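For reference, the structure discussed in these notes is given below.
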Amino acid sequence: MLTRRRFVTASAIAGAGLAAGCAARKNSAWEFLSEKDARTLTAICDQIIPADDFPSASQAGVLTYVDRQLVRHFQRFQKAYIKGLNHANLLSRKRFSLDLAEATPQQKLQIVSAIEQQNPEFFELVRSHTLQGYYGSPRHGGNREGVSWRMLGLSEPPIRGSAQYDLASGSRP
Amino acid sequence: MKRWLIICGFAICSVTLLAVGVTQGASLYYAAGHGAACADCHEMAEYASAVHSSPHDNATCTDCHQASLFTRLRHIQVHLAGSAPETIRLREVDVRQMIANCKSCHEHEYASWRAGPHSATYTEIFADPAHISKRGLMDDCFRCHGMYFDGAIRDLVQPQNTRGPWHLSHPELAGQPTIPCQACHWIHREGPPETKPPARISVAGPIVPQSLGFFDRREGMHFAAATLAIPTLYDGPRQLKASPDQRQAICYQCHAPRLPEANSTAAANHWGPQAGSGDDRTPMGVHEGLSCFSCHNSHNESARASCATCHPEMSHCGLDVEKMDTTYANPASKHNIHWVKCTDCHQHGLPRVKCVVTVAAR
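From first to last, the protein sequence lines are chains A and B.
The opening residue of the first sequence carries number 84 in this note's numbering; numbering runs sequentially from there.
The opening residue of the second sequence carries number 6 in this note's numbering; numbering runs sequentially from there.
Below, the structure written as structure tokens:
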């Protein structure tokens, strides 16, 4: 039988666990990625879509897109991302004794090219998600303020007047 | 049996009191932290961060957002279950509650909006016989009216025909506005505090306010006015001169032209979208090139007293333009003020000499 003492103890443990869980999650601004993972992924994504007259992949919110989807529709890719990002840092440290995020743009390009050769599945995964995030709907977290649509010259939201039918008379005014 | 009932009643009361106490305590905690505590939660971090870069930086979350006890408990449940949506959006009821909070700081703008057609209610738009019998009900209505309503047109109005009589399925919406503040204002938008323009400025207008943004129901998000398109319009085959005032891009989202109708002269000659088609009111004729904001107040849409901004100094004939036979003086006039041309009156050609009229002479 659940005594009052046990109930109080269990409540305290649950409360503390909850608080600890929340506190632990506060360490990262992301839902799935750690800060380090996010910096590594930024380095890769920004080599796939670098900034020019328009924002780079990370500036356009691609990381937000990937991070949000990794705890929703892309849960099956969580392991692939963790493994792939660790591999990317490993490659960078081996070649330049630096984490990928700290490398120069030229070094980053070399590493990303190496990933494309050595880990094509992961590269294709990131490339695909980068393009989805950059060109997809902003409602999913990427394409901040529809920036890629403006780049493509798309008028979004479209300007379209409503039909002016006079249904009562059966004709158009 | 009685003892069990007392125990159960006591337990229910205790749990309820605990829940209320915890929730109220949490609310105080969040309010006291100037929004920082709200940002502790992953789901809210982005939104809390955005508002701290916006003109509303000095406001706390609870200055604008209200939440009932039930809503707060739901937030906790969603947070613990990890079932937050990809993009957190305000519900229609949240938006309605916010209007009163907007008013508490922006009283003048609120009064202005309330006095004009942009505060039209659900009854005035969705249950007006004169309107619906002619135009019909369609989901596209929600693009510009009731854009935050969660459902389809059939969920709001019945019957779905042009005979009526119509009634709202949600009677509580009857007197509520269909174009709330958040239809045209993006509150969390980054930017410095805004200042009011000194006066109506014709043609170019001031810099686009950061908060000006169109809420696109389809995407469930705002698009900044600065990023929206201004259409290229034609008067017959001739391309019209358009004001570069980017603020009017918001107006064009609803007061929008249509592509030429099939079998029309414009379509047969491959002319572009015609000014005045659909709900468009782009100025042609003597007012060509003016911005919507050159004449209209943004909140109440009124154009009263706007003529004096330019006339009689810029008038060709020096007459009192406010008394001319246009829809400005008389809504039944056949000369729409948006499209009135000199040749509407001077059908045999314009006078050669421009009349010189001074302000004093007027």
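Ideal Cβ positions, reconstructed from N, Cα and C, are used throughout, including at glycine.
Computed from a predicted structure; not experimentally measured.
- Task: Could you give the DSSP three-state label for B/S207: helix, strand or coil?
- Result: Caution is warranted here: a pLDDT of 45 is assigned to B/S207, below 50, making its placement in the model unreliable, and no coordinate value can be reported.
- With 7 Å as the C-beta to C-beta threshold (strictly closer), list the residues of the stretch 220-236 of chain A near chain B in chain order. Per Cβ criterion, the list reads S220, P221, R222, H223, G224, E228, G229, R233.
- Using three-state DSSP, classify B/R243 as helix, strand or coil. Annotated three-state conformation of B/R243 is strand, per DSSP.
- Message: Going by DSSP in three states, A/H170 sits in which element: helix, strand or coil?
- Response: A/H170: helix per DSSP, three-state reduction.
- A/Q158 (DSSP reduced to helix, strand or coil): A/Q158 falls in the helix class under three-state DSSP.
- Along the stretch 258-276 of chain B, what residues have a CB closer than 9 Å to any CB found in chain A? For the stretch 258-276 of chain B, the residues whose beta carbon sits under 9 Å from a beta carbon of chain A are, in order, Q258, C259, H260, A261, P262, R263, L264, E266.
- Query: Taking 8 Å as the CB-CB cut-off, is B/G2 touching chain A?
  - Reply: Past the boundaries of the shown model lies residue 2 of chain B; chain B is included only from 6 to 367, so the question cannot be answered.
- Item | Cβ-Cβ separation, A/A184 to A/T123 (assumed contact under 8 Å), whole Å | Right, the Cβ-Cβ distance comes to about 6 Å (below 8 Å), so this counts as a contact.
- Spell out a yes or no on whether the stretch 239-251 of chain B and the stretch 230-241 of chain A are touching, meaning 3 or more CB-CB pairs, one atom from each, closer than 8 Å. With a cut-off of 8 Å, the stretch 230-241 of chain A and the stretch 239-251 of chain B do not count as touching, because too few Cβ pairs lie within range.
- Item | Stretch pair the stretch 304-316 of chain B + the stretch 258-269 of chain B: three plus CB contacts closer than 8 Å | In this structure the stretch 304-316 of chain B does not lie against the stretch 258-269 of chain B, because fewer than three pairs of beta carbons, one per stretch, are closer than 8 Å.
- Message: Tell me the rounded alpha-carbon separation between B/M226 and B/E97.
- Response: So the alpha carbons of these two residues sit roughly 14 Å apart.
- Between the beta-carbon of B/A188 and the beta-carbon of B/T128, is there less than 8 Å? Taking the C-beta atoms as reference points, B/T128 is found no nearer than 8 Å to B/A188.
- Note down, in chain order, each residue of its chain lying with its Cβ closer than 7 Å to the Cβ of B/K246, except the 5 sequence neighbours on either side. A distance below 7 Å between beta-carbons, with the five flanking residues on each side excluded, links B/K246 to the following residues of its chain, in chain order: E293, G294.
- Task: Quick one: grab the DSSP three-state call for B/M226.
- Result: B/M226 carries a strand assignment under DSSP once its states are collapsed to helix, strand and coil.
- Message: Does any residue of chain B have a CB that is nearer than 8 Å to the CB of A/I242?
- Response: Using beta-carbon distances, A/I242 counts as an interface residue toward chain B, with a partner under 8 Å.
- From the beta carbon of B/H154, is the nearest beta carbon of chain A less than 8 Å away? The question names His, but residue 154 of chain B is Phe in the sequence shown. The C-beta of B/F154 comes no closer than 8 Å to any C-beta of chain A.
- Query: From B/P288 to B/W344, what distance separates their C-alpha atoms?
  - Reply: In a straight line, the C-alpha of B/P288 is about 6 Å away from that of B/W344.
- Counted within 10 angstroms of its Cβ, other Cβ atoms place B/W9 as buried (16 or more) or exposed: Exposed is the call here.
- Message: I'd like to know whether the C-beta of B/E97 is nearer than 8 Å to at least one C-beta of chain A.
- Response: Answer no: the Cβ-Cβ gap between B/E97 and chain A never drops below 8 Å.
- Task: Go to A/G216, then tell me how far its alpha helix (DSSP H) extends in each direction, as first and last residue.
- Result: Secondary structure note for A/G216: its alpha helix (DSSP H) is the uninterrupted segment 203-218.
- Task: Please determine if the stretch 58-68 of chain B and the stretch 80-90 of chain B are in contact, where contact requires at least 3 C-beta pairs separated by less than 8 Å.
- Result: The stretch 58-68 of chain B is not in contact with the stretch 80-90 of chain B.
- Query: Closest to A/K166 by CA distance: which of A/L116, A/A134, A/P133, A/L181 is it?
  - Reply: For the set A/L116, A/A134, A/P133, A/L181, the Cα lying nearest the Cα of A/K166 is the one of A/L116.
- Item | contact_flag[the stretch 178-198 of chain A, the stretch 12-22 of chain B] where n(CB pairs < 8 Å) is 3 or more | Counting Cβ pairs under 8 Å, fewer than three are found: no touch.
- Message: Quick check on A/S196: buried or exposed, where buried means 16 or more other Cβ atoms within 10 Å of its Cβ?
- Response: Answer is exposed; the Cβ neighbour count stays below 16.
- Query: Can you give the Cα-Cα distance for B/M319 and B/P236, rounded to whole angstroms?
  - Reply: If I take the Cα positions, the gap works out to 27 Å.
- Message: Using a Cβ-Cβ distance cut-off of 8 Å, determine whether B/H47 contacts chain A.
- Response: So yes, B/H47 belongs to the interface.
- For B/H172, which of helix, strand or coil comes out of DSSP? Reduced to three states, the DSSP call for B/H172 is strand.
- Below-8 Å beta-carbon distance, A/R122 vs any chain B residue: Not one chain B Cβ lies under 8 Å of A/R122.
- Message: Measuring alpha carbon to alpha carbon, tell me which residue in B/S299, B/K328, B/N305, B/D330 is nearest B/C315.
- Response: The shortest CA-to-CA distance from B/C315 to any of B/S299, B/K328, B/N305, B/D330 is the one to B/S299.
- Task: Report the three-state DSSP secondary structure of A/A107 (helix, strand or coil).
- Result: Legend: pLDDT at A/A107 = 49, less than 50; position of this residue unreliable, value from coordinates given subsequently. Helix, per DSSP.
- Item | Members of the stretch 277-300 of chain B near chain A, C-beta cut-off 8 Å | Within the stretch 277-300 of chain B, the residues whose Cβ lies closer than 8 Å to some Cβ of chain A are S282, G283, D284, D285, listed in chain order.
- Is it true that the CB of A/R178 sits closer than 8 Å to the CB of A/I194? Closer than 8 Å, so yes.
- Query: Does the stretch 213-222 of chain B come close enough to the stretch 261-274 of chain B that 3 or more CB-CB pairs lie under 8 Å?
  - Reply: When C-beta atoms of the stretch 261-274 of chain B are compared with those of the stretch 213-222 of chain B, fewer than three pairs fall below 8 Å, so the two segments do not count as touching.
- Would you mind telling me which residues of chain A sit closer than 7 Å to B/A234, beta carbon to beta carbon, in chain order? The contacting residues are S238, I242.
- Message: If you follow the alpha helix (DSSP H) that B/F75 is in, where does it begin and where does it stop?
- Response: Note, B/F75: alpha helix (DSSP H), 74-86.
- Message: For chain A, check one thing: does any of its Cβ atoms lie closer than 8 Å to the Cβ of B/T237?
- Response: Output row for B/T237: interface = no.
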